[in-house]
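Comments concern the structure below.
Protein chains in written order, with the numbering used here: chain A, 1 to 180; chain B, 1001 to 1448.
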């Protein structure tokens, strides 16, 4: 990780202050999950220890209170990831309709296995549990976007599109911060 | 197609906006509600017979009446939008396409409960829906339906959306409350129940998205009219998310009481099994409910047609019945391996166990491992009994129902498809020949 200073943008800080006001006085810890999503959005799609310490300082809580939460929820990445994290649903209905084939196809295509990142730092492949989109199985999530009714061909097109965009894609999309 | 109380006009362009929703009569229910007394609203909901649509089916009016009202202590309504039960995608569909029905329901329900600050807790994966809800809430503030002195009624309400971080367990109401407080989603020991000490120790009601949305038609039409829809204690309509090997997967609003056979085969609903295949089994209410073979899902053990109601689906108990659950309706055709599907479900529960209770934390992992060796062709003769033993030692022995939810699929698969497990173990040389295991069905007396 570069030595650059960890600091949220002014827009994001203002958003965090608005979120904190949603809870009773002294209960600002409730803003932790939204803050961690925003931290992943601003700091490369993952949570470095320094990032978590910074979030702790903003919410006036102990760093351990951030670590224990970040490590509990599956959406928070505690190791560096590629610009796009490809999240393939592997549960029940998606599995019945070919999710395993998609995973194998992506592994072969990107020459990585689940949990790994491509050498060029573009893609990380993850499998996730049920995304509540079983009617359009199999489903792949990238950032905030659900790619539904996926096939190997559609997956190839999807990967090309993200490669061409060549941007960091996160669950909390930056456009929603600017729109506030 | 029966009455469409929730999905009505869902395909109308602009229904996701305030203007579009109001053009179809939206927020008329709120206007009516604000002229009533809060206890009259609770009474209408009681009369409607509405039961929790998240899976447990607990009467909503009764749940509301439990909320403690100590002097000077704020209380909160929290909407459970953490839809994560495999097979279930009805709440996502409703919130994405018709967010204002949930907002309107939240305002009515908050007024009934005397809450001035309410939250919608939505699973983190659905951040795009989070932004749809934020936009709808902003529109509602602008229209004067949220904020101070709503429509001159003297009632104040602030409504906020809260994203989760990816954890099935947060659909359990006390885990959801912990998560809303910025903590790990570890369920709390009850009592105290949330109605007494919920979020930040304050009296709290947690209701599912569909439950809260259903208060909109209930107030509009009156509880008695709503209760006329359906059969017996299963009143009103229910959203069913149908998926798996069917021709027309999707979200359907049914009047309670539609026969399961009609639901699966009629063109109005699932449109039959894909590719002309035969039906093998159904998981009728999300991955946690017992799996039933084709004959038992279509007809009860007494030979009566099985209906889409709380009572009919559970007819026969767990020996021959199942549950309506969340309405996540997973259909499996004759090519499905029940054993492999069970391994997949068990892996899910192992992954999602919060780890507080040993039976669930350890047991789900053991079940996953034993099932994995069976589907890999290394099963032992004693494995089926071992699985039965493990699940029986999880069921009912944990703080929250995730333990039960992990054990029921295992118990029911063994109960109804024991022969398929035994064939995997006896003839592992056929493991690659998936056809070999199709249509095997346990004809022996159920275990235990």
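The C-beta atom is built at its ideal place from N, Cα and C for all residues, glycine as well.
With fewer than 16 other beta carbons inside 10 angstroms of its own, residue 1189 of chain B counts as exposed. Under the DSSP assignment, residue 1160 of chain B falls in the beta strand (DSSP E) whose first and last residues are 1158 to 1163.
Excluding residues up to 5 positions away in sequence, 169, 170, 171 and 173 lie with their Cβ nearer than 7 Å to the Cβ of residue 143 of chain A in the same chain. Taking a cut-off of 8 Å for Cβ pairs, the segment 1177 to 1184 of chain B and the segment 1048 to 1055 of chain B do not touch, as fewer than three such pairs fall below it. The beta-carbon of residue 1408 of chain B is placed no less than 8 Å from the nearest beta-carbon of chain A.
Residue 1241 of chain B sits away from residue 1171 of chain B, with the two beta carbons spaced by 8 Å or more. Secondary-structure assignment with DSSP links residue 1234 of chain B through a beta bridge to B:1231.
Against chain A, a Cβ distance below 7 Å from residue 1183 of chain B picks out 69. Contact residues of the segment 36 to 48 of chain A toward chain B are 36 and 37 (C-beta to C-beta distance below 7 Å). At the C-beta level, residue 1219 of chain B and residue 1390 of chain B stay beyond 8 Å of one another. Excluding the 5 residues flanking it on each side, residue 97 of chain A has same chain C-beta neighbours closer than 7 Å at 137 and 138, in chain order. DSSP links residue 1243 of chain B through a beta bridge to B:1330.
Chain order gives no chain B residues near residue 123 of chain A, where near means a beta carbon separation below 9 Å; the closest approach is about 19 Å.
Between the segment 21 to 33 of chain A and the segment 66 to 73 of chain A, the count of C-beta pairs closer than 8 Å reaches three or more; the two stretches touch.
Between the segment 1056 to 1065 of chain B and the segment 149 to 162 of chain A there are fewer than three inter-stretch CB-CB distances shorter than 8 Å, so the stretches are not counted as touching. Between residue 1291 of chain B and residue 1409 of chain B, the CB-CB gap stays under 8 Å. Neighbours of residue 1348 of chain B across chain A, judged by C-beta separation under 9 Å: 90, 91, 92, 129 and 130. Think of a sphere of 7 Å around the beta carbon of residue 17 of chain A: no beta carbon from chain B falls inside it, the nearest being about 14 Å out.
The three-state reading of DSSP puts residue 163 of chain A in helix, counting H, G and I together. Taking the CA atoms as reference points, residue 1139 of chain B sits about 14 Å from residue 1161 of chain B. Put simply, the CB of residue 133 of chain A is near chain B, with a gap under 8 Å to one of its CB atoms. Cβ atoms of residue 1086 of chain B and residue 1122 of chain B stay farther apart than 8 Å, at about 18 Å.
With a 10 Å radius around the Cβ and a threshold of 16 neighbouring Cβ atoms, residue 1208 of chain B comes out buried. Close CB contacts of residue 110 of chain A within its chain, under the 7 Å cut and outside five residues either way in sequence, are with 118, 123 and 125 (chain order).
Nearest to residue 1007 of chain B by alpha-carbon distance, out of B:1200, B:1169, B:1154 and B:1210, is B:1210.
Annotated three-state conformation of residue 6 of chain A is coil, per DSSP. Listed along chain A are 96, each with a C-beta nearer than 7 Å to that of residue 1336 of chain B.
Contact annotation: in the segment 1186 to 1201 of chain B, residues whose CB is within less than 7 Å of a CB in chain A are 1200.
Residue 1111 of chain B and residue 1157 of chain B have their C-alpha atoms roughly 8 Å apart. Between the alpha carbons of residue 1018 of chain B and residue 1092 of chain B lies a gap of roughly 19 Å.
When C-alpha distances from residue 1259 of chain B are compared across B:1274, B:1230 and B:1281, the shortest belongs to B:1230. Proximity to residue 1383 of chain B across B:1095, B:1418 and B:1326 peaks at B:1418, based on C-alpha coordinates.
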